[in-house]
Structure formats: C-alpha cells, structure tokens
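**Q**
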Amino acid sequence: MVALGAPAGASGGAGGALGYGAAIAEGASLYALNCAVCHGKAAGGLAEAKLSFPPEERTCTRCHRPSNRTVQSLSEPVVDNDMFSLGTPPPLIATAEHPTGLTLTAAPAALWAYVSATMPRYEPGRQTPAEYWLLTAYLLDLNGRGAAAAEAVAAATR
Ligand code: HEC
Ligand code: HEC
C-alpha cells in the first residue's frame, strides 16, 4: 500500500489510490533502481548506462561475457569476472541512433506482459505485478503516451 507522499520507491508495491504524478514518480524510482543500470538513467541505452560506471569497468563484457547465461539471480553466489550476459540493452526512448524509441507500441498490457516476463533481464519476474504496471506507466509517460500511461496507472492501483 503506497500512501500519497510516501518516499518514491520505498514501497513493496502499489495498490493504494495513487494519483498520476505520484504513480509516475514511483515508476521512475523503480526504473532507477532496477533498469537504469542497463538502459541508462535517461533511458538512452547501454552507451548512456556505461557513463555511470568508473572508466575501468565500462568494458562490461570483461565480466558479463556474451556467452554466459542471461538469467542469474543475485541471490546466487557471484563470481566477480563470470556474470550473466547483458545483451544489448536498447534505448527505451527515441534517440538519434535509435529513432524508433520503444518498439512496443501496442496496448499497455502488451508492454506490461513483456517487462513482467523478461525484465530485469538477469532476474525476470522479480518485481510485483503492480510494480511492473508502474514501470510500464513510467515508460509510456517517458515516450509521451499519456493516455496509455494513465491506463497503466489505473491497472497498478486496481
Ligand atoms: C541486464 C541488463 C538489463 C536490465 C537490468 C534491464 N534490461 Fe530491459 N532489456 C535488456 C536487453 C538486452 C533488451 C533487448 C532484448 C533482449 O535481449 O532481451 C531489453 C529490452 C527491454 C525492453 C524492450 C524495448 C523495445 O523497444 O523493444 C523494455 C521495454 C525493457 N527492456 C524494459 C526494462 C525494464 C522496465 C527494466 C527494469 C525492470 C529492464 N528492462 C532491465 C537488458 C536489460
Ligand atoms: C569487474 C567485473 C565487472 C564489470 C567490468 C562489470 N560488472 Fe556488472 N556485475 C559484476 C558482479 C560481480 C555483479 C554482481 C554483484 C554486484 O552486484 O556487485 C554485477 C552486477 C551487475 C548487475 C546487477 C546488479 C545491479 O547492480 O543492478 C548489472 C545490471 C550489471 N552488473 C551491469 C553491468 C554493466 C552495464 C557493466 C558495464 C558498464 C558492468 N556491469 C560491468 C561484475 C562486473
């Protein structure tokens, strides 16, 4: 249950009567914690995400080898230089090199189903259903699709 005015992202899920702005802020916070590490803080993709790492760690494939498995829960023991592969996390907004932006332009439910089933890529299904709706709402809002985002907000708080 998220009370209005609760610290964004501090909750375990939605379910309360969240207004649009508060729901998008929750989604932004969930995105920053769970998604930005691969897709970039401003959703600009891996190239942007790398800028948050120290220069000596930007060759991600040194440890996240492309031939490694993609799913690897962080609750398993980690081997520093032998981690899940990252794939090529695309921008989730339109950028100069990626003018299409988010490719999933179907109903919000399709985007929710995709992120619930596949993201975060190394541990899909980790978030609650309501959290995936908030993430969906945030991504739609970020792409200027306010009406669809409002549908996702409604689904998150149902
Ligand atoms: C380990 C890196 C990684 C993390 C963390 C991650 N993603 Fe992804 N994401 C990817 C990759 C790589 C793809 C491209 C498809 C694939 O290889 O699975 C992708 C694709 C996507 C797409 C499809 C974009 C499109 O236009 O088709 C969406 C949406 C998405 N991710 C959302 C999220 C959300 C939301 C989170 C956080 C809950 C997240 N991702 C966390 C790596 C990641
Ligand atoms: C020196 C080895 C090494 C390099 C280089 C490295 N990682 Fe990692 N990464 C790890 C290890 C070990 C973990 C698991 C333990 C932890 O979270 O620190 C991890 C965890 C992660 C996670 C999941 C936990 C989280 O913080 O969200 C993501 C996503 C990730 N790395 C992405 C990246 C990206 C993107 C790069 C390149 C910019 C990168 N890593 C570079 C070793 C590395």
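Just add 3 to wherever you are in the sequence shown, counting from 1, and you've got the numbering used here. The beta carbon of each residue, even a glycine, is placed where N, CA and C say it ideally should be.
Can you give me the Cβ contacts of Ala113 inside the same chain, cut-off strictly under 7 Å, excluding the 5 residues immediately before and after it?
**A** These residues qualify, in order along the chain: Leu107.
**Q** State the start and end residues of the unbroken alpha helix (DSSP H) segment that holds Pro111.
**A** First-last of the alpha helix (DSSP H) with Pro111: Pro111 to Thr121.
**Q** When the Cα of Leu89 is compared with those of Ser78, Glu59 and Met122, which residue comes out closest?
**A** Of the candidates Ser78, Glu59 and Met122, the one whose C-alpha sits nearest the C-alpha of Leu89 is Met122.
**Q** Does any heavy atom of ligand 2 sit closer than 7 Å to the C-beta of Asp83?
**A** Yes, Cβ of Asp83 sits closer than 7 Å to a heavy atom of ligand 2.
**Q** Who are the near neighbours of Pro92 in its chain, counting only those whose CB is closer than 7 Å to its CB and skipping five residues on each side?
**A** Answer for Pro92: Cys41, His42, Gly48, Leu49 and Ala52, listed in chain order.
**Q** Report yes if the C-beta of Thr98 is less than 7 Å from at least one heavy atom of ligand 1; otherwise report no.
**A** No - ligand 1 has no heavy atom lying nearer than 7 Å to the Cβ of Thr98.
**Q** Would you mind reading off the limits of the alpha helix (DSSP H) that contains Asn71?
**A** Segment: none, Asn71 is in no alpha helix (DSSP H) and carries neither H nor E.
**Q** Within the same chain, show all residues whose beta-carbon is closer than 7 Å to that of Thr139, passing over the 5 residues directly before and after it, in chain order.
**A** Correct list, in chain order: Pro111, Leu114, Trp115, Val118 and Ala155.
**Q** Report the rounded CA-to-CA distance for Asp83 versus Pro57, giving the unit in angstroms.
**A** Each residue's Cα considered, the two are about 16 Å apart.
**Q** Closest to Tyr135 by C-alpha separation, out of Thr160, Pro102 and Ala150, would be which residue?
**A** Ranking Thr160, Pro102 and Ala150 by Cα distance to Tyr135 puts Thr160 first.
**Q** Would you say the beta carbon of Arg46 is closer than 7 Å to some non-hydrogen atom of ligand 2?
**A** Position check: residue 46 holds Ala in this sequence, whereas Arg was assumed. No, ligand 2 has no heavy atom inside 7 Å of this Cβ.
**Q** Within this structure, are the beta carbons of Thr103 and Ala97 separated by less than 8 Å?
**A** Contact: yes.
**Q** Relative to the C-alpha of Arg72, which candidate in Glu79, Phe87 and Glu60 has its C-alpha closest?
**A** Taking only the C-alpha atoms, the option nearest Arg72 is Phe87.
**Q** Exposed or buried, which one is Ala120 when buried takes at least 16 other CB atoms within 10 Å?
**A** Burial call: exposed.
**Q** Write down the C-beta distance between Leu143 and Ala151 rounded to the nearest angstrom, noting that I regard them as a contact closer than 8 Å.
**A** Contact holds; Cβ gap of about 5 Å.
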